[in-house]
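Residue numbers (our numbering), protein chains in the order written: chain A, 1 to 330; chain B, 1001 to 1160. Everything on this sheet refers to the single structure shown next.
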Amino acid sequence: MRGKRILFYDPDPRARRVAERALAATGSEIVSAVDTDDLMVKIEANGWDLMMINYDPPLRDDPRWASRLDTLEHRWPRTKLVLHSTAPTEDYLPLMASRRFLRNVIAKNDEPLEPDELIITAEKLLRGDLFGLQKYLLWGIEPYCVRINDSRKKQDYINEVASYAQSLGCNERVVELIETIVDELVTNAIYNAPRTPTGEPKYQMRSRRDPVILEENETGELQFGCDGDYIAVAQIDPFGSLTQETVVSYLNRCLVRGPDQLSDASGGAGIGLFRVFQSLSKFIINIDPGKKTEVISLIDLRLTMKRFRQAAKSFHIFIQENRQAASAGS
Amino acid sequence: MAARSTFAIEVVQRDGADHVSMSGVIDENADLALLGTLGARPVRFNMKSVRRINSYGVRSWMEAIRRIPRDAEISFIHCPPPVIDQCNMVAGFLGHGRLLSFYAPMTCTECDEQIDQLFETAACRANGNKLPATPCPRCGRPMEVDDLEDQYLLFVRETP
């Protein structure tokens, strides 16, 4: 975005080249840091709109960096932070519980970095335009839409997306991943998302065996599409009740096998979000608090199942800022 | 697709054991109450046609499997990848049962053939907790498991 300044850090010169080229193409001014000393100096030069920082060790394991990044939000409220990491998900998820600045993590796998993901992530943050599945698919792809309003129709919703995946030639295991994602997202939209006018969960404590028909103003939406590289599924609800804390705590509880994995606290088992996360390559959650949530799941169709299991996953939680407050702060 | 998703359970008494066959998706619509009546004889679950288990299904399955008395012998055969994934992810998924045989997704890097191959758990244990060699049915070259072998075979190391 023209007129914006981005600070990029990665020790790998190939990653820097990819990022400089991709981010410069958006019209922003890009400045790279080549090592952590250089990064420390450049961070202190206020005025960045966005910092994109490699979060692999030694930086990740250095408590001074943890506290430094933790204070960024207070020191420079306008500056957004995106981290990228080669670490497997199991390594960075537990850190998210204690490090609030870990909201956007781009997976860095074999390739230096995906230019598309850098650009999309940067532009979403710089423009404050967070919502929309189309951002993650090639131009011209029109996602299919299904209204979610009746728990008894859940299998129909699943079948619709699964049939689409089969028509694309996805194999049985990929179709199963997609079915898992849709199953859990639809359950989330019907039972977990809806709130009463006072903000209390409306159907969360109901058994998932009890049918629920959503009111017109509670209706959710399922969107899905494919651009050849990725198959994408999004679930949208008009509540914005999901929080970063909920996401992180649910995912972390399921990471450790043991008696605490299954929740007794709600009508569900509390492992739905984790099952979604296990079934995808990139996880994007857009939240406009009290107004709207969009959960986007992307599966990389270019990977074998073995590579899919090995590959790190990208994880993004974007919170829509109050636009008046955001413009006052800039 | 709807028919493949519909849950079904059948119990047949044979050779002094209860043989339980399940198929479809284990979710909130799956009635597992029948499992609560088992335990008077050894129970053998054939899981071959279980397509998927959702998060609610995991919880109701765990509750159901725990209702089978501990002194009843339980075994699982022909467990497909979706069941193996649950065994590896959720502690205690098999209750006190033993998993005797399972399918693994195999792929041939030479001719791209893909099959689900049946393996005996005991044969994996005898092979150092690895899958025995599997020749490709099309070209005869050795096949690889299309998953992370250590991760897929976690249950071999961690269950009796």
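Positions of the beta carbon are idealized from the N, C-alpha and C atoms, including for glycine. No experiment lies behind these values; they were computed from the predicted model shown.
**Message:** How far does the alpha helix (DSSP H) with Lys-282/A in it extend, from its first residue to its last?
**Reply:** No alpha helix (DSSP H) contains Lys-282/A, which is instead part of the beta strand (DSSP E) from 282-288.
**Asked** Can you tell me where the beta strand (DSSP E) with Gln-223/A in it begins and where it stops?
**Response** 220-226
**Item:** Alpha-carbon to alpha-carbon, Gln-244/A and Gly-335/A
**Value:** Nothing about residue 335/A can be reported from this structure: the residues present for chain A run from 1 to 330 only.
**Request:** Using the Cα positions of Arg-314/A and Arg-1051/B, report the straight-line distance between them to the nearest angstrom.
**Result:** Sequence inspection shows Ser at residue 314/A; the Arg mentioned does not correspond to that position. Rounded to whole angstroms, Ser-314/A to Arg-1051/B spans 27 angstroms at the Cα level.
**Request:** Using a Cβ-Cβ cut-off of 9 angstroms, state whether Asn-1029/B counts as contacting chain A.
**Result:** yes
**Asked** Taking Cβ positions only, does Gly-272/A come closer than 9 angstroms to chain B?
**Response** Chain B, which has a Cβ nearer than 9 angstroms to the Cβ of Gly-272/A, makes this yes.
**Prompt:** With burial defined as no fewer than 16 other Cβ atoms inside 10 Å of the residue's Cβ, what is the status of Ser-241/A: buried or exposed?
**Reply:** buried
**Message:** Along the chain, where does the alpha helix (DSSP H) containing Gln-1151/B start, and where does it finish?
**Reply:** 1149-1152
**Message:** To test your reading of the DSSP string, which unbroken beta strand (DSSP E) runs of 3 or more residues are found completely within the region 1008-1034 of chain B?
**Reply:** 1008-1014, 1017-1026
**Request:** Quick one: give me the first and last residue of the alpha helix (DSSP H) that Arg-307/A is part of.
**Result:** 305-310
**Message:** Once the 5 residues before and after Arg-1067/B are set aside, which same chain residues still bring their CB inside 7 angstroms of it?
**Reply:** Leu-1035, Gly-1036
**Prompt:** So which of Ala-1123/B, His-1078/B, Pro-1081/B, Arg-1044/B has the shortest CA-CA distance to His-1096/B?
**Reply:** The shortest C-alpha separation from His-1096/B is found at Arg-1044/B.
**Prompt:** Relative to chain B, which residues along the region 174-191 of chain A have a C-beta separation below 7 angstroms, given in chain order?
**Reply:** Glu-176, Glu-179, Thr-180, Asp-183, Glu-184
**Request:** Spatial neighbours of Lys-282/A within its chain, please: CB distance less than 7 angstroms, with the 5 preceding and 5 following residues excluded, ordered by chain position.
**Result:** Leu-298, Lys-313, Ser-314
**Asked** With DSSP run on the structure shown, which of helix, strand or coil describes Ser-330/A?
**Response** Low confidence applies to Ser-330/A: its pLDDT is 41, below 50, so where it sits in the model is not reliable enough to give any reading.
**Asked** Quick one: what's got a C-beta closer than 6 angstroms to Ala-107/A's C-beta in the same chain, skipping five residues either side?
**Response** Ala-312, Lys-313, Ser-314
**Asked** Using a beta-carbon distance below 9 angstroms, is Gly-1089/B in contact with chain A?
**Response** Inspection of the sequence shows that residue 1089/B is occupied by Met rather than by Gly. So yes, Met-1089/B belongs to the interface.
**Asked** Taking C-beta to C-beta, are Ala-189/A and Gly-220/A nearer than 9 angstroms?
**Response** yes
**Item:** Assigned exposure category for Asn-1127/B - 16 Cβ within 10 Å defines buried
**Value:** exposed
**Message:** For the alpha helix (DSSP H) containing Thr-246/A, name the first residue and the last one.
**Reply:** 244-255
**Given His-74/A as reference, the closest of Tyr-55/A, Tyr-203/A, Asp-91/A, Asn-46/A once Cα atoms are compared** = Asn-46/A
**Asked** Hey, is Thr-304/A's beta-carbon within less than 9 angstroms of any beta-carbon in chain B?
**Response** yes
**Message:** Between which residues of its own chain and Lys-42/A is the CB-CB distance below 7 angstroms, once the five residues before and five after are set aside?
**Reply:** Closer than 7 angstroms at the Cβ level, and outside the excluded window around Lys-42/A, lie Leu-7, Val-31, Ala-33.
**Asked** Is the Cβ of Tyr-1103/B closer than 9 angstroms to any Cβ of chain A?
**Response** no
**Request:** Using a threshold of 9 angstroms, state whether the C-beta atoms of Leu-301/A and Phe-274/A are closer than that.
**Result:** no
**Asked** Residue range of the beta strand (DSSP E) that Glu-294/A falls in?
**Response** 292-300
**Asked** Quick one, which residues of the region 206-220 of chain A are near chain B if we go by CB-CB under 7 angstroms, in chain order?
**Response** Residues Arg-208, Arg-209.
**Item:** Limits of the unbroken alpha helix (DSSP H) element including Phe-274/A
**Value:** 272-278
**Request:** Within 10 angstroms of the Cβ of Lys-80/A, are there 16 or more other Cβ atoms? Answer buried if so, exposed if not.
**Result:** buried
**Below-9 angstroms beta-carbon distance, Ile-158/A vs any chain B residue** = yes
**Item:** Stretch-stretch touch, CB-based, cutoff 8 angstroms, three pairs: the region 1090-1106 of chain B with the region 1133-1150 of chain B
**Value:** yes
**6 angstroms Cβ shell around Glu-1010/B - same chain, five flanking residues per side excluded** = Answer for Glu-1010/B: Ser-1021, listed in chain order.
**Asked** Taking only runs of the alpha helix (DSSP H) that begin and end inside the region 4-68 of chain A, which ones reach a length of at least 4 residues, in chain order?
**Response** 13-24, 36-44
**Asked** Hey, which unbroken runs of the beta strand (DSSP E) at 3 residues or more fall wholly within the region 1084-1130 of chain B?
**Response** 1101-1107, 1114-1120
**Request:** Please confirm if the region 200-217 of chain A is in contact with the region 1069-1081 of chain B, defined as three or more CB-CB distances below 8 angstroms between the two stretches.
**Result:** no
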